[in-house]
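Trainee:
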Amino acid sequence: EDLKTGERIHVFNTHFDHMGQLARLMSAKLIISKIEQMTNENDKVILMGDFNCNPSSEPIKEIKKHLKDGKDLSKNGLKGPEATFNGFDKEIENIGTIDHIFIRNFTVSSYKHITKKRKNKLQLSDHYPVLAVIGIR
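Each residue of the sequence shown is one higher than the last, beginning at 1034 in the numbering used here.
1) Does the beta-carbon distance from I1134 to V1078 come in below 8 Å?
2) Apply the 10 Å Cβ neighbour rule to N1153 and answer buried if 16 or more other Cβ atoms are within range, or exposed otherwise.
3) Could you tell me which residues DSSP pairs with T1140 in its beta bridges?
4) Count the other CB atoms within 10 Å of the CB of H1048; is the residue buried (16 or more) or exposed (fewer)?
5) Along the chain, where does the alpha helix (DSSP H) containing D1105 start, and where does it finish?
6) According to DSSP, is F1045 helix, strand or coil?
7) How should F1084 be labelled, buried or exposed, when 16 other C-beta atoms within 10 angstroms of its C-beta is the threshold for buried?
8) What does the alpha-carbon distance come out to for the pair I1081 and K1123?
9) When DSSP builds the beta bridges, which residues end up paired with I1079?
10) Are the Cβ atoms of H1099 and T1072 separated by less than 8 Å?
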């Protein structure tokens, strides 16, 4: 909380189940419920993490009823590949964007899936990092 203005920024991070569709939907409802309990409509909110869900899934639709997708708000659109899961470069099916950043009461100047590898050409993780440059409105 900003001591001068009283403005509050809430940051939430999550990792949804990778197997159960119902578990992911219930996780989305639970985290939105907790966000609503802890914040008011003027508070700034960031919800990010590995949702194990693509943008057209029911859990993501549930979240987007309450928060905006940072990728959709980006002034410059998405930079980098659509997929955020790389499986450490193993041959995998492209499962699309499963890592997301959702926001409330922010602007987004850029949104990027970072594909930089280590010097030894290995991936840093089995997921690409997601970066959103946000601004306070």
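Heads up, the beta-carbon is just placed ideally off N, CA and C, and yes, glycines get one too. Keep in mind it's a predicted model, so treat the numbers as computed, not measured.
Mentor: Let me lay it out:
1) no
2) Its Cβ having fewer than 16 others within 10 Å, N1153 is exposed.
3) G1168
4) exposed
5) G1103 to L1106
6) strand
7) Classification for F1084: buried.
8) The sequence shown places Met at residue 1081, rather than the Ile named in the question. Approximately 25 Å between the Cα atoms of the pair.
9) In the DSSP output, where bridge partners are listed per residue, I1079 has V1044 and I1136.
10) A distance of 8 Å or more separates the beta carbons of H1099 and T1072.
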